[in-house]
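Student:
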Amino acid sequence: QKEVEQNSGPLSVPEGAIASLNCTYSDRGSQSFFWYRQYSGKSPELIMSIYSNGDKEDGRFTAQLNKASQYVSLLIRDSQPSDSATYLCAVKAAGNKLTFGGGTRVLVKP
Amino acid sequence: GAVVSQHPSWVICKSGTSVKIECRSLDFQATTMFWYRQFPKQSLMLMATSNEGSKATYEQGVEKDKFLINHASLTLSTLTVTSAHPEDSSFYICSASDLAFLAKNIQYFGAGTRLSVL
Numbered sequence: 080q081k082e083v084e085q086n087s088g089p090l091s092v093p094e095g096a097i098a099s100l101n102c103t104y105s106d107r108g109s110q111s112f113f114w115y116r117q118y119s120g121k122s123p124e125l126i127m128s129i130y131s132n133g134d135k136e137d138g139r140f141t142a143q144l145n146k147a148s149q150y151v152s153l154l155i156r157d158s159q160p161s162d163s164a165t166y167l168c169a170v171k172a173a174g175n176k177l178t179f180g181g182g183t184r185v186l187v188k189p
Numbered sequence: 017g018a019v020v021s022q023h024p025s026w027v028i029c030k031s032g033t034s035v036k037i038e039c040r041s042l043d044f045q046a047t048t049m050f051w052y053r054q055f056p057k058q059s060l061m062l063m064a065t066s067n068e069g070s071k072a073t074y075e076q077g078v079e080k081d082k083f084l085i086n087h088a089s090l091t092l093s094t095l096t097v098t099s100a101h102p103e104d105s106s107f108y109i110c111s112a113s114d115l116a117f118l119a120k121n122i123q124y125f126g127a128g129t130r131l132s133v134l
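Just so you know, the sequences run in chain order Z and D.
Per the working numbering, the first sequence starts with residue 80, numbered consecutively.
Per the working numbering, the second sequence starts with residue 17, numbered consecutively.
In structure tokens form, the structure reads like this:
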């Protein structure tokens with residue numbers, strides 16, 4: 080079982096709709112969770128961090144964390160073509176390391 | 017703030033040669049830097065973690081004699097791929113944290129280096 084799992088997609092959403100991305104993790108003791116956006120050929124860009132159960136909103140992005148169920152999700156509201164990218168879920172592993180999921184490719188169609 | 021510069025962005029080299037990649041934190045002191053490798057359509061795989069002034073800690077399966085990491089100052093870490101072979105062709109990405117970022121497990125990434133070994 081992979082430590083951090085994501086659906087690879089592509090997740091196709093129409094412009095203006097909500098994109099919903101999910102991530103599950105295996106280490107029940109994980110405390111820190113991150114969503115990164117990666118455009119093709121570029122390096123990851125941090126968009127959200129979440130540390131406690133519940134929702135955290137930042138602009139059009141909302142991260143949701145449920146430690147009991149070991150999943151973290153990302154909602155992108157009012158999706159724009161510029162949101163088309165691969166979204167990586169990352170979970171703090173042992174020490175200061177991050178373990179990344181395989182990423183979900185999102186395609187926003189005008 | 018939190019800008020990480022990585023150089024070069026793209027390098028082509030002949031098989032058997034060595035390549036050095038630099039990672040610099042421009043506006044903070046990076047006590048810890050991380051080196052990742054990403055193959056096409058795959059996620060980031062951590063290669064090693066380096067703390068300023070200490071030897072790097074390599075992940076299982078990563079050859080420390082092949083991938084030399086030096087973190088001699090709080091703003092610079094280098095990765096040298098020695099005797100590169102075509103299978104080393106990949107996207108290499110560094111990230112950096114200072115103590116405050118590290119407390120929250122936040123890493124800021126450089127732009128990456130695409131290595132092609134002929």
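Think of the CB as a built atom: it goes at the ideal place given N, C-alpha and C, for glycine as much as any other residue.
Does the beta-carbon distance from D/Tyr52 to D/Ile109 come in below 9 Å?
Tutor: Yes.
Student: Is Z/Leu153 closer than 9 Å to D/Gln123 when the C-beta atoms are compared?
Tutor: The answer is no: Cβ separation not under 9 Å.
Student: From D/Ala100 to D/Glu79, what does the alpha carbon distance come to, in whole angstroms?
Tutor: So the two alpha carbons sit approximately 12 Å from each other.
Student: Within a Cβ cutoff of 6 Å, which residues of the same chain sit near D/Ser113, ignoring the five residues on either side of it in sequence?
Tutor: Contacts found: Thr48, Gln123.
Student: For the region 134-149 of chain Z and the region 177-188 of chain Z, state whether three or more C-beta atom pairs, one from each stretch, are separated by less than 8 Å.
Tutor: Flag = no, the region 134-149 of chain Z and the region 177-188 of chain Z do not touch.
Student: I'd like the list of long-range same chain contacts for Z/Cys102, defined as Cβ closer than 6 Å, with 5 residues on each side in sequence excluded.
Tutor: Same-chain partners within the cutoff: Gln85, Val151, Cys168, Gly180.
Student: Write down the C-beta distance between D/Ser93 and D/Leu131 rounded to the nearest angstrom, noting that I regard them as a contact closer than 8 Å.
Tutor: Contact flag wrong, Cβ pair sits at about 16 Å.
Student: For the region 135-166 of chain Z, which residues have a beta carbon sitting closer than 7 Å to at least one beta carbon of chain D?
Tutor: Answer set for the region 135-166 of chain Z: empty.
Student: Tell me the rounded alpha-carbon separation between D/Ile28 and Z/Gln110.
Tutor: The alpha-carbon atoms of D/Ile28 and Z/Gln110 are separated by roughly 40 Å.
Student: Please state the DSSP three-state secondary structure of D/Leu131.
Tutor: Three-state result, D/Leu131: strand.
Student: For D/Phe117, which of helix, strand or coil comes out of DSSP?
Tutor: Of the three classes helix, strand and coil, the one that applies to D/Phe117 here is helix, per DSSP.
Student: Check the C-beta distance from D/Val97 over to D/Val35 and give it rounded, since I have them as a contact under 8 Å.
Tutor: Yes, D/Val97 and D/Val35 are in contact; Cβ-Cβ is about 5 Å, under 8 Å.
Student: Can you pull the chain Z residues whose beta carbon is under 7 Å from the beta carbon of D/Ser21, in chain order?
Tutor: What D/Ser21 touches in chain Z: nothing, since even the nearest Cβ is about 11 Å away.
Student: Restricting to runs no shorter than 3 residues, where is the beta strand (DSSP E) found entirely within the region 93-143 of chain Z?
Tutor: Runs of the beta strand (DSSP E) inside the region 93-143 of chain Z: 98-104, 112-117, 124-129, 133-137.
Student: Verify whether the separation of the beta carbon atoms of Z/Val170 and Z/Glu94 is less than 9 Å.
Tutor: Not in contact: Z/Val170 and Z/Glu94 (Cβ atoms no closer than 9 Å).
Student: Going along the chain, which residues of its own chain have a beta-carbon closer than 6 Å to the beta-carbon of Z/Lys146, five neighbours each way excluded?
Tutor: Asn132, listed in sequence order.
Student: Do D/Met61 and D/Phe83 count as a contact pair if the criterion is CB distance below 9 Å?
Tutor: Not closer than 9 Å, so no.
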